[in-house]
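Asks: Structure provided below as structure tokens; questions to follow.
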Amino acid sequence: MSGANSGLTEPAQHIVNGRQQVAAARPAVEIVDVVKRFGSGDSGVLALDHISLTVEHGEFLCIVGASGCGKSTLLNLVAGLDAPTSGTVGASGRVALMFQEAALLPWRTAIQNVELALKLRGVPKAERSERARELLALVRLDDFADKRPHELSGGMRQRVALARCLGQGADILLMDEPFGALDAITRDILHDEIERVASEQQLTVMFVTHNVREAARLGDRIVLLSSRPGRVVAQFDVPVPRPRRIESPDVSAIAAQVTISLREEVRRHAR
Amino acid sequence: MPAETSLQSGGSVTADDLARDLAGLDQLDFAQERRAPLAIRLWSALWPKLAAIGVAVLVWQIAYWLELKPSFVLPSPSAVGAELWEQLGTPELWRAVGSTMRRALLGFAVSLVIGGAIGIAVTRSRLLRTAIGSLITGLQTMPSIAWFPLAILLFKISEQAILFVVVLGAAPSIANGIIAGVDSVPPILRRVGITMGANTPQMYRDFVIPAAMPTMLTGLKQGWAFSWRSLMAGELLVIIPGTQSLGTRLQFAREFSDATGLIATMVVILVIGILVDSLVFGKLERTVLTRRGLRLDDKNPAEKLVVRRSLMAASVGR
């Protein structure tokens, strides 16, 4: 099994500069020459500086950068929560966002949280409960359907949030450091879990993290962004077969390579 | 150790292993809720209250024994108890309670509509917030009894005069509660709502109002307390001939120097206040807070730990 890329589009190995052309299908996400500036004049901040990125259907793209690289800004643009100053952002598919906090509605049980996503998408009332239960079963939380968020652990809440994203009918999943606040063992297990769900559901994933190893563990491709302003510095393919282990030498080798570039990038800001 | 073989580099975790890892982790993470039997919980909630009442009555009884005041001014607790018991059997008391409660409910309902409308309008408009935001807080601090002379001039000795003051007392608290509640909605929940494709009514129904509910309830509760106080002041000042109310009973008891009856009526007023506060608002508040996991006091240590961990996670996220 070649992971999230299998079967959907052409194989991903020829993606080199994020500029590859697939003959027929439109890419899942297409970011063309995007500039994002907050504020104006001297006090304005240039967050993203002429960024171009293409994410293929079914691709798992990890975005790595030091702080201030505009990773979250980029996801907000793709999600449509914000508009670029110039350039275009296109997404062909339904987009859902996951944050570092699960951001579940605390007054709703796990299943009711998923049901709300179905409701707002227009799923008829009669079907909601059953579909929500299926989605919770997919993240293996059907036993905890009637628990409220505060009764669940951080990792469980993130899985409910994942089920909710799927309830939104998402085929493009934008993840903003979703496992950043979890302990190591939970994070390790959730890496396996997101890899499995993404490939089963044929999701396109844009995964923002500052953890290079996590990026090498999960991504088909890693994009390194520079800080202030955010620019695409380098891209790395991760030709490691799935399922992967975070401690495998292949993953470590790629993580080491990315770390060197990241360090160089950080060093540039030293005075 | 057979588990290790599957974790060696190059090897991988099978789907089965992953399912078991997750299930194990979930069991470790999930706080088991253990609750004491109902009788014990009720008793542990009740005895401190009973003890407090006991101490208060005892102090009163001692003051009576010491004859600090003549007994026709400060009667004994037992005399007041007997008077109260007798009054509870008369239709007059219940008629008075009925008309007072009717005024209270009407006043609260009108306050809810007016305060609610103002509160929502202020949260929707920056201009309105700048214009009247601090005025609302100012009104809240205005003693309601100071409104009565104007109310009597405007409405004469009438039900409207009382209603006017009750609403002026309660509406600002309710409006303030709504404003503070909507302001307290975490921005991330609004973002979730937008990405889920909620339109404005859905945003309010499914995100903003439930998220604002704990703070709004505090405003409602405070609004009730203010309306109850204003009402009692009103019933003492605005005595409409021919109507019986708790306020008129207090006034008449004083005019007849009937200290026993006066204190008995005060006990009735106090008890109604406590009952509404604990049965209506207390229950609402408990439901709302428990659902959201915001009540730490009755949690067992394991659950506290989970809540603490989640708070830490949230603070790391910011």
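So the protein lines, in turn, are chains A and B.
Quick note on numbering: the first sequence equals residues 4 to 274 in the numbering used here.
Quick note on numbering: the second sequence equals residues 1352 to 1669 in the numbering used here.
Every residue gets a Cβ at the ideal spot worked out from N, C-alpha and C, and that includes glycine.
From a predicted model like this one, the values you see are computed outputs, not experimental measurements.
Measure the alpha-carbon distance for L1639(B) versus S1535(B) and round it to whole angstroms.
Replies: It is Val, not Leu, that sits at residue 1639(B) in the sequence shown. Taking the straight line joining both Cα atoms gives about 15 Å.
Asks: Taking any Cβ of chain A, which residues in the stretch 1365-1380 of chain B have a Cβ under 8 Å from it, in chain order?
Replies: Listed in sequence order: A1366, L1369, A1370, D1372, L1373, A1374, L1376, D1377 and D1380.
Asks: Any beta-carbon of chain A closer than 9 Å to the one on G1644(B)?
Replies: Taking Cβ atoms only, chain A reaches closer than 9 Å to G1644(B), which makes this a yes.
Asks: Within 9 Å (strictly less), CB to CB, does K150(A) reach chain B?
Replies: For K150(A), the answer is yes, since a Cβ of chain B falls inside 9 Å of its Cβ.
Asks: Take E203(A) as the anchor and find which of T112(A), V142(A) and E104(A) has the nearest alpha-carbon.
Replies: Per the Cα distances, V142(A).
Asks: Quick check: what's the CA-CA separation for S70(A) versus G233(A)?
Replies: Cα to Cα, the separation comes out at about 10 Å.
Asks: Excluding the 5 residues flanking S1666(B) on each side, which residues of the same chain have their C-beta closer than 7 Å to its C-beta?
Replies: Note on S1666(B): pLDDT 43, under 50, position unreliable in the model; the coordinate value appears next. Counting only Cβ-Cβ distances below 7 Å, and skipping sequence neighbours, we find nothing.
Asks: If I measure Cβ to Cβ from I1525(B) and keep anything under 7 Å in the same chain, skipping five residues before and after, which residues do I get?
Replies: So the list reads S1462, L1463, G1466, G1467, G1470, G1570, L1571 and G1574, once near-sequence residues are dropped.
Asks: Do you know offhand how far V277(A)'s Cα is from R162(A)'s?
Replies: With chain A covering 4 to 274 only, the question about residue 277(A) has no answer from this structure.
Asks: Taking the straight line between their C-alpha atoms, what separation do you get for P1500(B) and E1418(B)?
Replies: Their Cα atoms are separated by approximately 39 Å.
Asks: Grab me the residues of L1588(B)'s own chain with a C-beta within less than 7 Å of its C-beta, minus the 5 sequence neighbours each way, in chain order.
Replies: These residues qualify, in order along the chain: F1499.
Asks: Should G83(A) be flagged as near chain B, meaning a C-beta pair shorter than 9 Å?
Replies: G83(A) counts as touching chain B.
Asks: Tell me which same chain residues have a C-beta within less than 6 Å of the C-beta of P152(A), skipping the five on either side of it?
Replies: Taken in chain order, the residues that qualify are L107, P109 and R160.
Asks: Of the choices G61(A), G90(A) and F63(A), whose alpha-carbon is the least far from that of V35(A)?
Replies: Nearest of G61(A), G90(A) and F63(A) to V35(A), Cα basis: G90(A).
Asks: Enumerate in chain order the residues of its own chain whose CB-to-CB distance from A184(A) is below 7 Å, with the five nearest sequence positions on each side excluded.
Replies: Q103 and G157, listed in sequence order.
Asks: Checking the sheet assignment: what are the DSSP bridge partners for V38(A)?
Replies: S89(A).
Asks: Between the C-alpha atoms of L121(A) and P246(A), what's the straight-line distance to the nearest angstrom?
Replies: Those two C-alpha atoms are separated by around 30 Å.
Asks: Check G83(A) in the structure and name its three-state DSSP category.
Replies: The answer is coil: DSSP assigns G83(A) none of H, G, I, E or B.
Asks: Would you call M1493(B) buried or exposed, if buried means 16 or more other Cβ atoms sit within 10 Å of its Cβ?
Replies: Counting Cβ neighbours within 10 Å, M1493(B) comes out exposed, since fewer than 16 surround it.
Asks: Under DSSP, the beta strand (DSSP E) around I54(A) begins and ends at which residues?
Replies: I54(A) -> beta strand (DSSP E) spans V48 to V58.
Asks: Closer than 9 Å, Cβ to Cβ, to anything on chain A: give me those residues from the stretch 1520-1531 of chain B, in chain order.
Replies: From the stretch 1520-1531 of chain B, no residue has a Cβ closer than 9 Å to chain A.
Asks: Can you have a look at A1396(B) and say buried or exposed, based on whether 16 or more other CB atoms are within 10 angstroms of its CB?
Replies: Under this definition A1396(B) is an exposed residue.
Asks: Distance cutoff 9 Å, beta carbons only. Does G1570(B) sit that close to anything in chain A?
Replies: Output row for G1570(B): interface = no.
Asks: Tell me the residue span of the alpha helix (DSSP H) that contains D186(A).
Replies: From DSSP, D186(A) is part of no alpha helix (DSSP H); its letter is neither H nor E.
Asks: Among the residues of its own chain, which have a CB less than 6 Å from the CB of R1446(B), if the five just before and after it don't count?
Replies: These residues qualify, in order along the chain: Q1595.
Asks: Which residue wins for smallest C-alpha separation from K1634(B), given the options I1620(B), P1565(B) and T1611(B)?
Replies: Of the candidates I1620(B), P1565(B) and T1611(B), the one whose C-alpha sits nearest the C-alpha of K1634(B) is P1565(B).
Asks: Rounding to the nearest angstrom, what Cα-Cα distance links F1515(B) and M1452(B) in this structure?
Replies: The straight-line gap from Cα to Cα measures roughly 16 Å.
Asks: By the three-class DSSP mapping on this structure, what secondary structure does G68(A) have?
Replies: Three-state result, G68(A): strand.
Asks: Please state whether DSSP places M1547(B) in a helix, a strand or coil.
Replies: Looking at M1547(B) - three-state DSSP - the assignment turns out to be coil, as it is neither helix nor strand.
Asks: For F1423(B), count the other beta carbons within 10 Å of its own beta carbon; 16 or more makes it buried, fewer makes it exposed. Which is it?
Replies: Classification of F1423(B): exposed, given that the 10 Å Cβ count is below 16.
Asks: Bridge partners for M178(A) per DSSP, in chain order?
Replies: Answer by DSSP bridge pairing, in chain order: M101(A) and F210(A).
Asks: Among the residues of its own chain, which have a CB less than 6 Å from the CB of G96(A), if the five just before and after it don't count?
Replies: Around G96(A): A31, D174 and I175.
Asks: Please list the partners that A106(A) has in chain B, where partner means a Cβ-to-Cβ separation under 9 Å.
Replies: Within 9 Å Cβ-Cβ: P1537, I1539, L1540, R1542 and V1543.
Asks: Say whether the stretch 1546-1555 of chain B touches the stretch 1434-1445 of chain B, bearing in mind that this needs 3 or more beta-carbon pairs closer than 8 Å, one atom from each stretch.
Replies: With a cut-off of 8 Å, the stretch 1434-1445 of chain B and the stretch 1546-1555 of chain B do not count as touching, because too few Cβ pairs lie within range.
Asks: So if DSSP puts V235(A) in a beta bridge, which residue, or which two residues, is it bridged to?
Replies: L228(A).
Asks: Given a cut-off of 9 Å on the beta-carbon distance, is the pair S243(A) and A259(A) in contact?
Replies: In the sequence on display, residue 243(A) carries Val and not Ser. Contact flag unset, no.
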